[in-house]
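One structure is given below, encoded as structure tokens.
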Amino acid sequence: MASSKPRLRFAPSPTGFLHIGSLRAALFGYLLSKNLGADFALRIEDTDQKREVAGATDSLVTILKKVGIEFSEGPHIGGAYGPYIQSQRQDIYHGYSDQLLQSGQAYRCFCTEDRLTAMREEQEARHEAPRYDKRCRDLSQEEVNEKIKAGGKCVIRQKMPLDGLVKVYDELRGEIVFNAHDLDDQVLIKSNGIPTYQFANVVDDHVMEITHVTRGDEWLGSFPKNILLYQDFGWTPPKFIHMPLILNKVGGGKLSKRKGDVFVEDYLNKGYLVEALINFCVLLGWHPKSDKEVWSMSELENEFSIDGMGASPAIFDTEKLDYYNSYYLRQKSVAELTALCLPYLETAGCDINDPRIPSFIALAQDRLKTLGDIVEATAFLFALPEYDQELLCWKTLTKEAAQENLARLKPELEKVGASDWNKDTLTEKILGWIKDSGGKNGDYLWPMRVALTGLKNSPGPFEVAAALGREEAFRRLEIAL
RNA sequence: GGUCCCUUCGUCUAGUGGUUAGGACGUCAGGUUUUCAUCCUGUUAACAGGAGUUCGAUUCUCCUAGGGACUACCA
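Our numbering applies: residue 2 is where the first sequence begins, and numbers increase by one.
What follows is the structure in structure tokens.
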């Protein structure tokens with residue numbers, strides 16, 4: 002089974018939607034695996050049944066696929082290192098925890114939750130670091146047997162060294178030194194027999210022959226304990242890359258639900274494009290060798306490398322995401338954009354069988370921030386909004402003059418037949434006429450545009466006229482007159 | 001409280017023992033045969049503070065400050 006290939010994994014908990022932070026973890030793992038020519042496995046860490054959400058694994062796979070992150074192994078496709086769901090690997094963990102118990106590097110702890118809670122409170126009251134007091138650490142085998150016989154529930158704890166230094170190495174930060182004295186005898190196996198993340202994660206990474214662990218910065222504190230576990234087993238640890246956290250823009254702290262949208266699904270639903278999300282997220286903590294700012298997934302697959310990764314946390318500021326999104330929106334063909342916009346128009350109650358929709362979309366294309374904006378951006382095309390007559394007046398133009406100008410414009414528009422009713426012809430004819438008659442563009446074009454759109458700001462009069470169609474354009478002109 | 005991590009324009013970041021400290025978003029201004037948007041051009045703005053090492057520190061070291069994470073039989 003031994004592979005010479007580097008191996009990476011993405012190991013989420015199935016607790017619901019895909020968090021932006023998880024997306025970035027998955028993305029960096031995926032891109033790094035491409036860069037290293039590595040296998041990339043999906044592993045589901047469902048060791049906390051309290052937090053588990055039904056169907057979360059399937060939706061995780063679906064959304065990751067949607068954003069372009071694919072795996073070479075996982076619960077959905079199998080692989081040589083399965084099963085890929087931790088709840089199906091209980092035997093493996095128990096084998097290893099037994100080994101630790103026998104070698105004396107772990108011990109059974111029978112302390113009740115009440116005692117633990119009370120102990121912690123006392124420690125906090127004394128401004129001490131809350132830590133397990135190691136009461137069960139040196140129980141004799143007889144004592145242990147007795148307690149088990151008496152029906153005592155127990156957890157298995159990792160035995161930390163009592164003193165000395167624990168040196169660990171993070172690929173992004175270099176060596177980090179901890180005092181063994183500060184390390185808690187953490188729980189490896191819970192009293193229900195299920196391993197904690199700290200144990201299952203280390204065992205699986207080893208058994209699955211993971212060579213590079215990418216995980217969030219929040220694990221830095223347990224890093225020495227993880228390394229100690231590798232040492233207890235005599236295993237060579239993989240390389241660790243602790244990615245900096247993504248922070249809230251307002252109020253600070255780790256990107257959290259309470260402070261705004263944090264799920265990939267939220268952004269997709271609002272009409273952010275996958276391309277924009279990926280491009281934006283990858284630049285949070287990674288920088289290419291050049292100053293190129295626009296990156297497609299396939300370009301990233303070729304260019305991404307650990308050299309460009311930083312260690313400082315980044316604030317999640319969607320202003321730049323908006324920029325990327327409108328940029329990618331503008332790159333779409335009208336047909337593509339129309340297909341993307343249709344669901345939004347439909348839920349807004351627009352007639353999606355209207356044949357003019359692609360031309361409506363085209364008019365709105367370069368003023369969209371998200372796909373969801375399409376509804377508002379095209380509303381005036383589906384139905385003429387009510388507007389104040391004063392709006393028809395351009396600068397110093399009086400109401401009467403505006404009306405007169407429109408009246409003079411109308412016969413000129415009428416000269417353009419249905420077959421020539423397009424933006425270019427209209428532009429050419431009307432602009433030519435205004436010039437020949439010695440008028441000013443604004444005096445005619447502004448009232449015309451307002452008559453057609455009912456809006457202070459909108460696309461130009463000729464493109465709107467063309468998009469609306471000849472009949473509707475005249476209908477709106479009559480209303481203005 | 002303890003441990004650990006981080007610190008360059010408002011934001012994401014590049015960068016070097018000697019640079020006009022670069023790019024992008026944003027801002028502001030101007031232009032693009034009417035408005036808005038797009039587009040173009042320009043503008044704005046940063047090395048957290050202190051000490052040390054050095055001929056010279058934004059860059060190396062230490063301290064302080066600020067921010068962040070962890071401190072569960074959650075991950």
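We put the beta carbon where it would ideally sit given N, CA and C, even for glycine.
Item to check | Opposing strand residues paired with Met244 [DSSP bridges] | outcome: Bridge partners of Met244: Gly217.
Next on the checklist: For Thr190, list the residues DSSP reports as bridge partners.
Outcome noted: Thr is not the amino acid found at residue 190; the sequence shown has Ile there. As DSSP reads the structure, Ile190 sits in a beta bridge with Ile157 and Pro196.
Checklist entry - In chain order, what residues of the same chain lie with their CB nearer than 7 Å to the CB of Gly461, ignoring the 5 residues before and after it? => result The answer, listed in chain order, is Arg450.
Item to check | For Gly17 and Val54, the rounded distance between their alpha carbons | outcome: Cα to Cα, the separation comes out at about 6 Å.
Next on the checklist: Are the CB atoms of Asp374 and Gly261 within a distance shorter than 8 Å?
Outcome noted: By the CB criterion at 8 Å, Gly261 and Asp374 fall outside the cutoff.
Next on the checklist: Once the 5 residues before and after Ile86 are set aside, which same chain residues still bring their CB inside 8 Å of it?
Outcome noted: Cβ-Cβ distances below 8 Å link Ile86 to Arg44, Ile45, Asp47, Thr58 and Pro76 in the same chain, with the five nearest sequence neighbours on each side left out; the list follows chain order.
Checklist entry - Would you say the segment 398-416 touches the segment 368-382, given that touching needs at least three Cβ pairs under 8 Å? => result The segment 398-416 vs the segment 368-382: no contact.
Next on the checklist: Given this structure, state the Cα-to-Cα distance separating Glu337 from Asp99, to the nearest angstrom.
Outcome noted: Rounded to the nearest whole angstrom, the CA to CA distance from Glu337 to Asp99 is 58 Å.
Checklist entry - Tyr31: which of Pro15, Asp49, Lys51 and Pro7 sits nearest, CA to CA? => result The candidate whose alpha carbon is nearest that of Tyr31 is Pro7.
Item to check | Under 8 Å between C-beta atoms of His288 and Leu173 | outcome: Going by C-beta atoms, His288 is not nearer than 8 Å to Leu173.
Checklist entry - Going by other Cβ atoms of all chains shown within 10 Å of its Cβ, with 16 needed for buried, is Lys226 buried or exposed? => result Classification of Lys226: buried, given that the 10 Å Cβ count is 16 or more.
Item to check | Beta-carbon contacts of Leu385 that lie in its chain and below 6 Å, excluding the five residues immediately before and after | outcome: Once the five neighbours on either side are set aside, the close Cβ partners of Leu385 are Gly455 and Arg477.
Checklist entry - Would you say Val251 and Ser257 are within 8 Å of each other, going by their C-beta atoms? => result Against a cut-off of 8 Å, the Cβ pair of Ser257 and Val251 comes out as no contact.
Checklist entry - Could you give the distance in angstroms between the alpha-carbon of Asp389 and the alpha-carbon of Ala452? => result Between the alpha carbons of Asp389 and Ala452 lies a gap of roughly 11 Å.
Next on the checklist: Need the endpoints of the alpha helix (DSSP H) that Asp437 sits in, please.
Outcome noted: Segment Lys424 to Asp437, the alpha helix (DSSP H) holding Asp437.
Item to check | Residues near Tyr97 by beta carbon distance below 6 Å, same chain, minus five either side | outcome: If we look at Tyr97 and ignore the five residues flanking it on each side, its Cβ neighbours are Val204.
Checklist entry - Mapping DSSP to helix, strand and coil, what is Ile45? => result Three-state DSSP puts Ile45 in a strand.
Next on the checklist: If you reduce the DSSP assignment to three classes, tell me which class Glu320 lands in.
Outcome noted: It is helical.
Checklist entry - Cβ of Ala130 within 8 Å of Cβ of Met161? => result One thing to note: Ala130 has its Cβ no nearer than 8 Å to the Cβ of Met161.
Item to check | Chain-order list of residues whose beta-carbon lies under 8 Å from that of Asn157 (same chain, five-residue window excluded) | outcome: In the sequence on display, residue 157 carries Ile and not Asn. Correct list, in chain order: Ser98, Leu101, Leu102, Ala107, Tyr108, Arg109, Cys110, Val188, Leu189 and Ile190.
Next on the checklist: Using only CA atoms, which one of Ile64, Leu410 and Val62 lies nearest to Leu446?
Outcome noted: Selected option, being the one with the closest Cα: Leu410.
Next on the checklist: Under DSSP, the beta strand (DSSP E) around Val169 begins and ends at which residues?
Outcome noted: Per DSSP, Val169 belongs to the beta strand (DSSP E) from Leu166 to Asp171.
Next on the checklist: So, for Ala201: in the same chain, excluding its five sequence neighbours on each side, which residues have a beta-carbon less than 8 Å away from its beta-carbon?
Outcome noted: Cβ neighbours of Ala201 beyond the five flanking positions: Glu46, Thr48, Gln87, Arg90 and Tyr94.
Checklist entry - Per DSSP, Asn180 is paired with what? => result In the DSSP output, where bridge partners are listed per residue, Asn180 has Leu166.
Item to check | For Trp296, the three-state DSSP class (helix, strand or coil) | outcome: Note: Trp296 maps to coil in three-state DSSP.
Checklist entry - From what residue to what residue does the alpha helix (DSSP H) around Tyr231 run? => result First-last of the alpha helix (DSSP H) with Tyr231: Phe224 to Phe234.
Checklist entry - How is Tyr1 classed by DSSP in three states: helix, strand or coil? => result Absent from the model: residue 1. The displayed extent of the chain is 2 to 482, so no value can be given.
Checklist entry - Which partner residues does Ile86 have in the DSSP bridge list? => result Answer is Ile45, bridged to Ile86.
Checklist entry - What did DSSP end up calling Leu9 once you bin it into helix, strand or coil? => result If DSSP states are grouped into helix, strand and coil, Leu9 belongs with the strands.
Checklist entry - So, using beta-carbon positions, are Arg138 and Cys112 closer together than 8 Å? => result Cys112 sits away from Arg138, with the two beta carbons spaced by 8 Å or more.
Next on the checklist: Taking the alpha carbon of Asp40 as the reference point, which residue from Ile70, Ser14 and Val295 has its own alpha carbon closest?
Outcome noted: Distance from the Cα of Asp40 is smallest, within the candidate group Ile70, Ser14 and Val295, for Ile70.
Checklist entry - What does Asp40 pair with, by DSSP beta-bridge criteria? => result Partner(s): Arg8.
Item to check | Touch test, the segment 376-385 against the segment 321-340, Cβ-Cβ under 8 Å, three pairs minimum | outcome: Contact fails: fewer than three Cβ-Cβ distances are below 8 Å.
Checklist entry - First and last residue of the alpha helix (DSSP H) that includes Phe381? => result Phe381 -> alpha helix (DSSP H) spans Ile375 to Phe383.
Item to check | Strand pairing of Phe264, partner residues [DSSP] | outcome: Looking at the DSSP output, Phe264 bridges to His20.
Checklist entry - Between the beta-carbon of Cys282 and the beta-carbon of Arg25, is there less than 8 Å? => result Taking C-beta atoms as the reference points, Cys282 and Arg25 count as a pair closer than 8 Å.
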